[in-house]
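**Student:** Numbering (the UniProt record's numbering), first residue to last: 1 to 91.
By construction, the Cβ of each residue, glycine as well, lies at the ideal position given by its N, Cα and C atoms.
Please read through the structure below; I'll follow up with questions.
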Amino acid sequence: MNEEKLKDSIEKVSLFEQALLSMRLQRLVNIQDLSIYLGMSMTYIRELVKAGAFPKPIQEGRYLKWDIVEVDHYIESKKAERDSIELSSLS
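Below is the structure:
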């Protein structure tokens with residue numbers, strides 16, 4: 001789907017979905033938007049970063065931003081981890 005078609009489809013979705021699609025178009029998101037995207041508190045995200053268990057932010061001026069693609073890769077790796085645990089527990 002090209003960017004023009006994506007922008008056209010944004011008009012047809014709810015405000016929440018619009019916010020999520022907007023974040024996808026931005027690529028770099030702040031911690032408030034990231035918190036909404038993940039359904040995690042900002043404090044918990046900071047704790048995960050500090051523990052080295054979550055992608056590190058990028059410094060953009062005086063702000064910290066997260067690459068949404070890296071965050072999506074993190075989510076996919078957590079799913080794969082979960083699935084491998086489920087499969088091994090079935091054996």
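Kindly give me the distance between the Cβ atoms of Leu28 and Asp72, rounded to whole angstroms, as I take these residues to be in contact under 8 Å.
**Tutor:** Taking the first residue of the sequence shown as 1, we reach residue 28 at position 28. Taking the first residue of the sequence shown as 1, we reach residue 72 at position 72. Between Asp72 and Leu28 the Cβ distance is about 13 Å, and since that is not below 8 Å, they are no contact.
**Student:** Using three-state DSSP, classify Lys5 as helix, strand or coil.
**Tutor:** Sequence index remark: in the sequence shown, residue 5 carries index 5 (1-based). Reduced to three states, the DSSP call for Lys5 is helix.
**Student:** Consult DSSP for Lys65 and reduce its assignment to one of helix, strand or coil.
**Tutor:** Residue mapping note: residue 65 aligns to position 65 of the sequence shown, counting from 1. In this structure, Lys65 counts as strand in the three-state DSSP scheme.
**Student:** Could you spell out the range, first to last residue, of the alpha helix (DSSP H) harbouring Ser35?
**Tutor:** As a position in the sequence shown, residue 35 is number 35, starting the count at 1. Here the alpha helix (DSSP H) through Ser35 covers Ile31 to Leu38.
**Student:** Compare the beta carbon distance of Pro55 and Tyr37 with 8 Å and say whether it is the shorter of the two.
**Tutor:** The sequence position of residue 55 within the sequence shown is 55, counting from 1. The sequence position of residue 37 within the sequence shown is 37, counting from 1. Not in contact: Pro55 and Tyr37 (Cβ atoms no closer than 8 Å).
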